[in-house]
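Visitor: Residues in the sequence shown are numbered consecutively from 17, following this note's numbering.
We put the beta carbon where it would ideally sit given N, CA and C, even for glycine.
Every value quoted in this text rests on a predicted model; they were computed, and no experiment measured them.
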Amino acid sequence: MKKVALYAVIGMVVLGCDNGNDLELAQIETKQTSEDSNERRYCFRNEYPFKDNPSDKDVKELNIEIIGDTVEGTYNWIPVFKDKRMGQFSGSIANGVATVKYVFMQEGSEQEEVLEVKLYDNEVIVGGGLPEMGFAARIKKVLCVPE
């Protein structure tokens, strides 16, 4: 009986230590950008290399800063041989879903669209706008480059 109790205690200690490590990793992954604990920054980027020349890559990237329940950031589509789309967005966020007004330049004209940005642990999913505009995307999380 004493051995069973001892193994149970050891098991709880090991599990408790493991959970602490996971929490610590999560805290490292979501570093704050300032001393304000409500401010967070996340970066996402996909590269699409050409099969015949892998050094040529189309890029889709989204950077987002969250302060409380507001968000702002950039969302860019940078193809190698076509006109790029670069812009900024701002809006509000609740439960990991942001509704934003995206203002962008493409083919020499400024345009705007309302988009939905869903944040997940390892990716962001962008939706909204006309399908032919190509706003919809699933973009992988990457480390943010210091500003």
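Just the C-alpha distance for Glu63 and Ile141, rounded to the nearest angstrom, thanks.
Guide: The residue you call residue 63 lines up with position 47 of the sequence shown. The residue you call residue 141 lines up with position 125 of the sequence shown. About 16 Å.
Visitor: Since I believe Asp72 is in contact with Val87 (beta carbons under 8 Å), could you give me their beta-carbon distance rounded to a whole number of angstroms?
Guide: Within the sequence shown, numbered from 1, the residue matching residue 87 stands at position 71. Within the sequence shown, numbered from 1, the residue matching residue 72 stands at position 56. Rounded, the Cβ-Cβ distance is 32 Å, inconsistent with contact.
Visitor: Report the option in Pro65, Asn111, Gly112 and Thr115 whose CA atom is closest to the CA atom of Ile94.
Guide: As a working note, residue 94 is residue 78 in the sequence shown. The residue with the shortest Cα to Cα distance from Ile94 is Pro65.
Visitor: In the DSSP assignment, the beta strand (DSSP E) including Leu135 goes from what residue to what residue?
Guide: What you label residue 135 is simply residue 119 of the sequence shown in a count that begins at 1. Element bounds for Leu135: Ser125 to Leu135.
Visitor: Reducing DSSP to helix, strand and coil, say where Leu65 ends up.
Guide: Looking up residue 65 in the sequence shown gives position 49. According to the sequence provided, residue 65 is Pro. The question's Leu does not apply to it. Strand at Pro65.
Visitor: Please classify Asn111 as buried or exposed, where buried requires at least 16 other C-beta atoms within 10 Å of its C-beta.
Guide: Translated into the one-based positions of the sequence shown, residue 111 becomes position 95. Exposed: under 16 other Cβ atoms inside 10 Å.
Visitor: Whose C-beta lies closer than 7 Å to the C-beta of Gly84 among residues of the same chain, with five residues either side of it excluded?
Guide: Here residue 84 refers to the residue found at position 68 when the sequence shown is read from its first residue. Contacts found: Asn54.
Visitor: I'd like to confirm the pairing. Which residues does DSSP put opposite Met121 in its beta bridges?
Guide: Numbered from its first residue, the sequence shown carries residue 121 at position 105. Bridge partners of Met121: Met102 and Glu126.
Visitor: With Gly145 and Leu131 assumed to form a contact (beta carbons below 8 Å), what rounded beta-carbon distance in angstroms separates them?
Guide: Translated into positions along the sequence shown, residue 145 becomes position 129. Translated into positions along the sequence shown, residue 131 becomes position 115. Contact holds; Cβ gap of about 6 Å.
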